[in-house]
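Right, one structure below, let's go through it.
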Amino acid sequence: MSQPSSLTTQDWSRRSERALLRIPIRVEGADSDGRLRFREDTYTLMISRNGALIRLNHSVGSNDQIRIINLQSQLSCPFRVVAQTSDSLSDESECVVECLESIVNFWGILFPETLTAPAAERVDALLECSICHDRELASLALDVYRSLVARSSLTRPCPKCGVAREWRFGFADAQTGDARASQRLASGAPSPQPERRRAARTTVKLPVRTRKEPGGEQVVKSENLSKTGVCFICDKLMAVGEIIRLTLACSPAENETEVHARVVWRRPLQSQRRVVYGVHLEALAA
């Protein structure tokens, strides 16, 4: 077991790329005598290779050790509590945790070993092997990403299969067809409304330029995409129902198109003082 590190709320997701994925988990806490103090079934809000931001209503303290069971894989590991925050308006709590077994692929997703400065002309996308269903948050050259979009798959080595396989987008919704996929809760949103489930969403990180008047513009990254909507995180305040202008930078600059987008849901991330937004793409902007 690795020793607790100096991971903080601000850098827990910076050691490797992070993904806004909702994974069902069970959290167990013990008292100083090792006796079970609480057991809570909950879910992740974000994950990274080394940790996660989770919903947790039981009270815990910084540096407390808890045990988390991944209810998809039944894998169990000790975690260290980095911080816990609560929203006084909703009585909901968030907890930043760090995995103490760093060699274990606890979330079943391959992350880059280290997070380097983002290279130009690259896109991060969650991919899934069509044979063994291993998943990887892969960094793709822009032309490879465009080919993936055009063909809906790409051929690349699979570490688990040991040979080249066809890889497809890893979907962010538990509605992608087979029984295995139906067990995967991967949305970062609250309980989805029908409008947000009309189109399958893929976990893709593309530059997103948002504009509102007044308020200026901000460039962030998408968390997931569908044919009709985008999910992203930013620190600007926007109201549900508000219309903004949005550009996805997945094309050459001269071909980028700005569209109107309507905010359909929002959820504050208390631990990061930012907000997760889901927007529906409307008509083309004038």
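Residue numbers (the numbering used here): 56 to 341.
We treat Cβ as the ideally placed atom computed from N, Cα and C, and that holds for glycine.
Contacting residues, own chain, Cβ-Cβ under 6 angstroms from residue i (five flanking each side not counted)
i, result
"residue 286", "278, 279 and 333"
"residue 212", "219"
"residue 121", "82, 84 and 134"
"residue 194", "177 and 179"
"residue 297", "318"
Cβ pair residue i, residue j closer than 7 angstroms
i, j, result
"residue 76", "residue 109", "no"
"residue 158", "residue 190", "no"
"residue 261", "residue 222", "no"
"residue 301", "residue 258", "no"
"residue 156", "residue 132", "yes"
Spatial neighbours of residue i in its chain, beta-carbon cut-off 7 angstroms, leaving aside the 5 residues before and after
i, result
"residue 97", "80, 82, 109, 110 and 111"
"residue 107", "99, 101 and 152"
"residue 294", "318"
Cβ-based burial, residue i [other Cβ within 10 Å; buried from 16]
i, result
"residue 225", "buried"
"residue 143", "Any reading at residue 143 must be qualified, since the residue scores a pLDDT of 47, below 50, and its modelled position is unreliable; the value itself is stated next. That one is exposed."
"residue 268", "exposed"
"residue 284", "buried"
"residue 186", "exposed"
"residue 328", "exposed"
"residue 324", "buried"
"residue 242", "The pLDDT assigned to residue 242 is 35, lower than 50, so where the model puts this residue is not dependable; a value taken from the coordinates is nonetheless given after this. Buried: at least 16 other Cβ atoms inside 10 Å."
"residue 331", "buried"
Own chain partners of residue i with C-beta closer than 8 angstroms, once the 5 adjacent residues on each side are dropped
i, result
"residue 139", "111, 114, 115, 116, 117, 148, 149, 150 and 151"
"residue 91", "83, 84 and 85"
Near the ligand MN: residue i beta-carbon under 6 angstroms from a heavy atom
i, result
"residue 115", "Summarising the ligand content, the structure contains no ligands, and the ligand MN is consequently not present."
Residue i, enclosing alpha helix (DSSP H) - first and last residue
i, result
"residue 425", "In this structure the chain extends from 56 to 341, so residue 425 is not present and cannot be described."
Run of the beta strand (DSSP E) containing residue i, from where it starts to where it stops
i, result
"residue 189", "Note, residue 189: premise wrong, no beta strand (DSSP E); not H, not E."
"residue 182", "177 to 184"
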